[in-house]
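Quick notes on the structure that follows.
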Amino acid sequence: MLEGPKEGLVTQNQQVPAATPATAPESAPTPALTLGTTPGLVSLPNTTPTPGNVDNLLQLPNQTPDSSIYMTGTGNAGTFTTDPLLLAPIGELDAAPGLWTASQDTAFEATPAPADNFEWNEQETSWGTYDPATWSITNHVDGNPQAIMDGMASLTIGDQKRGYYGAASGSALLRQILSARPDGEEVDAEVALHEIESLFQQHSDHSQWFRSQAMLTRVAVENLIDAFFVFYHPTFPIVHEPTFRAQYAGTLPCANKGHWNTLANILAALGSFASSNVADATDLPIFQAAQKSLFSNYLEVGNLTLVQAFSLSSNYMQKRNKPNTGFNYGGLAIRLAIGLGLHKDLEGNSLSPLQTETRRRIWWCLCVLDVGATITYGRPLNWPQAGVETAFPLNIHEKDLTQDSTHCPPEVEGITMYTYIRVQSAYHLSTMTVYNRLITSPFPSATELITLDDVCIGSWLAQVPYYYLAVPPPDSEFALGMGISEWRYRNLRIVMYRPFLVRWARSSAQNAQQNLTSSENLAVFRCLDAAKESITHIQGYWTSRSHSRLAAFYILYFLFHATLIPVHCLRQNPHHALAPDWRAQIQASLSIMGAMAELNPNSSKCRDITLKLCWPHLDEEGARTYCDNAPFVPSVGDSEAASIINGYNTWCESMTNAGISVPYDWADDNDSALGFF
Numbered sequence: 001m002l003e004g005p006k007e008g009l010v011t012q013n014q015q016v017p018a019a020t021p022a023t024a025p026e027s028a029p030t031p032a033l034t035l036g037t038t039p040g041l042v043s044l045p046n047t048t049p050t051p052g053n054v055d056n057l058l059q060l061p062n063q064t065p066d067s068s069i070y071m072t073g074t075g076n077a078g079t080f081t082t083d084p085l086l087l088a089p090i091g092e093l094d095a096a097p098g099l100w101t102a103s104q105d106t107a108f109e110a111t112p113a114p115a116d117n118f119e120w121n122e123q124e125t126s127w128g129t130y131d132p133a134t135w136s137i138t139n140h141v142d143g144n145p146q147a148i149m150d151g152m153a154s155l156t157i158g159d160q161k162r163g164y165y166g167a168a169s170g171s172a173l174l175r176q177i178l179s180a181r182p183d184g185e186e187v188d189a190e191v192a193l194h195e196i197e198s199l200f201q202q203h204s205d206h207s208q209w210f211r212s213q214a215m216l217t218r219v220a221v222e223n224l225i226d227a228f229f230v231f232y233h234p235t236f237p238i239v240h241e242p243t244f245r246a247q248y249a250g251t252l253p254c255a256n257k258g259h260w261n262t263l264a265n266i267l268a269a270l271g272s273f274a275s276s277n278v279a280d281a282t283d284l285p286i287f288q289a290a291q292k293s294l295f296s297n298y299l300e301v302g303n304l305t306l307v308q309a310f311s312l313s314s315n316y317m318q319k320r321n322k323p324n325t326g327f328n329y330g331g332l333a334i335r336l337a338i339g340l341g342l343h344k345d346l347e348g349n350s351l352s353p354l355q356t357e358t359r360r361r362i363w364w365c366l367c368v369l370d371v372g373a374t375i376t377y378g379r380p381l382n383w384p385q386a387g388v389e390t391a392f393p394l395n396i397h398e399k400d401l402t403q404d405s406t407h408c409p410p411e412v413e414g415i416t417m418y419t420y421i422r423v424q425s426a427y428h429l430s431t432m433t434v435y436n437r438l439i440t441s442p443f444p445s446a447t448e449l450i451t452l453d454d455v456c457i458g459s460w461l462a463q464v465p466y467y468y469l470a471v472p473p474p475d476s477e478f479a480l481g482m483g484i485s486e487w488r489y490r491n492l493r494i495v496m497y498r499p500f501l502v503r504w505a506r507s508s509a510q511n512a513q514q515n516l517t518s519s520e521n522l523a524v525f526r527c528l529d530a531a532k533e534s535i536t537h538i539q540g541y542w543t544s545r546s547h548s549r550l551a552a553f554y555i556l557y558f559l560f561h562a563t564l565i566p567v568h569c570l571r572q573n574p575h576h577a578l579a580p581d582w583r584a585q586i587q588a589s590l591s592i593m594g595a596m597a598e599l600n601p602n603s604s605k606c607r608d609i610t611l612k613l614c615w616p617h618l619d620e621e622g623a624r625t626y627c628d629n630a631p632f633v634p635s636v637g638d639s640e641a642a643s644i645i646n647g648y649n650t651w652c653e654s655m656t657n658a659g660i661s662v663p664y665d666w667a668d669d670n671d672s673a674l675g676f677f
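For the sequence shown, position 386 matches number 386 in full-length UniProt numbering, and the numbering has no gaps at all.
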């Protein structure tokens, strides 16, 4: 059972120290805190896991976390099928000649173009909201293809005017794959960039797009707010629904009426987005009205309503493919929250139980939203990692704590509205050390990463409540949060181990005869299996329940990340013994991407890119290493061969990205109907 501070306080000034650098892998990091009733340190595994004990990797967590802990989730997650004998041998990365050294680890980020400096502009229309009827294949300013920008940061592979995207970002592996022709030859980067950007001008979407010139009524907006509480609120309960409903009905006064009106518009915009498909743009003018008021006179004021408003605005802008704008909104929300003392449980305060819980819920919802987005972009964490002393929200049902409550009800031994926030917040606290290590030079060795995995991710998995491991019913309102919990830690493992996977795939394609250490072997294992488990789990989720636009965003993000692993392996070695399994994973992913086109316009583009990358190899009988006549010649940076020759910094530069999006062409935001509240 996850316990918050005060009674089992989890404080961030008790964070796990930074892991020992790769130069001393024998020194293990301090284990993460347990979240049980009595705080204490979890025990380290006695030995580093090796391929010889992988049979236990899918067991349920034991009381003491060790290297065999994996969350099994739905039970249909892919089993650990990678045979160590199938892995072509490679050498130890930190011992191989020509690879990164201590003197090469200073230039972690790619250098921006002289006229760029990582600047960005999201004031125009993003390609994700374009109307195909008026969509030109070229940019109106310079005649080039429209710049690619997406909230997942998975497709933003250009190197100009898109903001900084780090080596741990969503687009990093795609950039690496695009730079890696199995024959080792280079292609013109500009040509390749235009090739992939042209995919975003091909309108395979069969939905009928339209511009919403909203004729909104109060009833219509009420329906959108209802949709917010149905589709969005069960995963991110940053607003207390009974309180909001009472304020909306006028039975409970609002301390800041103007700010509350802005929040209501944001809820309506998110409700419209989450409950509609790609053909509906009703949310755009609603949010535009809220956005204007947020920046007209609210930056010199601080209250809980504005923390909620900026937090939700940040998440909305990410969903609408304006990640840099959303990133800024999230920063404002954190500053406001700290200024209001939400990071502290203050002793002796006169707040009611509901007020205390509301502060906790807002703080930890903000943690989940902001840390998740920051990691998506591969940027340093904004979240304070010291001085945070506020409890997790109680695991109670929302309706059991009201304005009139004089004490908090007992916690529930089951899933509630706040279980996901508790579980995911605990995950972020446990794995911040891992992420910080990944974005800091020098890159950790396989041994260090495995230890971090076992200690940080393992300790979190050991604390996940047993009832959160069950398969949610098809109609469960909490299924999305449970799914994200499964997918996110596997996604982190993919990011952790993919450098070793990239090199192994390259070496196996070239039939390199080098020694594979047990640590690197296990690193490749975990990357392959994390990808397969993600694809299998997502496939089970997708085929067993109805879908929303909100769920489609998260599903595509984690699915595309995972799919790039078998794509890269298949491109490098289509005749490998594991190739049939890679093909099956890719085919499953393509099926899901195609099925969600009505809910996520990015899905058809991810599907197209996946097909373009590996179409010559999907047919087992016709598998070939490379086709010179292929219609798509991928390469948007240094080749993979160059990354191996020139070392880690070159590799990291090829995995680092910058870019600028094309902002919104907003619908009419002067509609009088937007002034209801």
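Positions of the beta carbon are idealized from the N, C-alpha and C atoms, including for glycine.
According to the DSSP secondary-structure assignment, K344 is paired through a beta bridge with E389. Secondary structure of E448 (DSSP, three-state): helix.
Judged by DSSP in its simplified three-state form, W383 adopts coil rather than helix or strand. Cβ-Cβ distances below 6 Å link F228 to L267, L270 and G271 in the same chain, with the five nearest sequence neighbours on each side left out; the list follows chain order. A386 is classed as exposed because its beta carbon has fewer than 16 other beta carbons within 10 Å across all chains shown. Here M596 carries a coil assignment [DSSP, helix/strand/coil]. Nearest C-alpha to C456 among F553, H428 and L351: H428. With the rule of 3 Cβ pairs closer than 8 Å, the stretch 346–355 does not count as touching the stretch 461–480. Across the set C408, S441, V368 and P442, the C-alpha of V368 shows the shortest separation from the C-alpha of I421. For the stretch 359–445, the full-length alpha helix (DSSP H) segments reaching 4 residues or more read 419–438 along the chain. Annotated three-state conformation of F236 is coil, per DSSP.
F478 sits in coil when the DSSP states are folded into three classes, being neither helix nor strand.
In the structure shown, the three-state DSSP call for H568 is helix. Assignment of L267 by DSSP, reduced to helix, strand and coil, places it in the helix class. Taking the Cα positions, L590 is about 46 Å away from T356. The beta carbons of V371 and M432 sit closer together than 9 Å. Annotation: L332 to F310 spans about 7 Å, alpha carbon to alpha carbon. Runs of the alpha helix (DSSP H) lying entirely within the stretch 518–570, each at least 4 residues long, are 518–543 in chain order. Annotation: the continuous alpha helix (DSSP H) that includes P601 extends over P601 to C614. Nearest Cα to D608 within the set A577, H576, T563 and E398: T563.
The residues R526 and A530, in chain order, have a CB closer than 6 Å to that of R493 in the same chain once the five nearest residues on each side in sequence are set aside.
DSSP, reduced to helix, strand and coil, places K319 within a helical segment of the structure shown. Within the same chain, M596, L599, N600 and S603 come within 8 Å of A552 by CB-CB distance, once the 5 residues on both sides are set aside. The C-beta distance from P574 to H617 rounds to 4 Å, short enough to fall under 8 Å.
G330 sits in a helix when the DSSP states are folded into three classes. Nearest to S405 by C-alpha distance, out of L342, S507 and T243, is T243. In terms of Cβ geometry, Y232 and A274 form a close pair [threshold 9 Å]. Under the three-pair Cβ rule at 8 Å, the stretch 532–547 counts as touching the stretch 471–488. D619 is classed as exposed because its beta carbon has fewer than 16 other beta carbons within 10 Å across all chains shown.
Rounded to whole angstroms, the Cβ separation of T235 and L480 is 5 Å, and the two are in contact under 8 Å.
The continuous alpha helix (DSSP H) containing T243 extends over residues E241 to A249.
Annotation for G458: the continuous alpha helix (DSSP H) segment containing it runs G458 to Q463. Per the coordinates, the alpha-carbon of Y418 lies some 11 Å from the alpha-carbon of R360. Excluding its 5 nearest sequence neighbours in each direction, S548 has C-beta neighbours in its own chain below 6 Å: F231 and A274, listed in chain order.
Straight-line measurement puts the Cα of R437 at about 18 Å from the Cα of S519.
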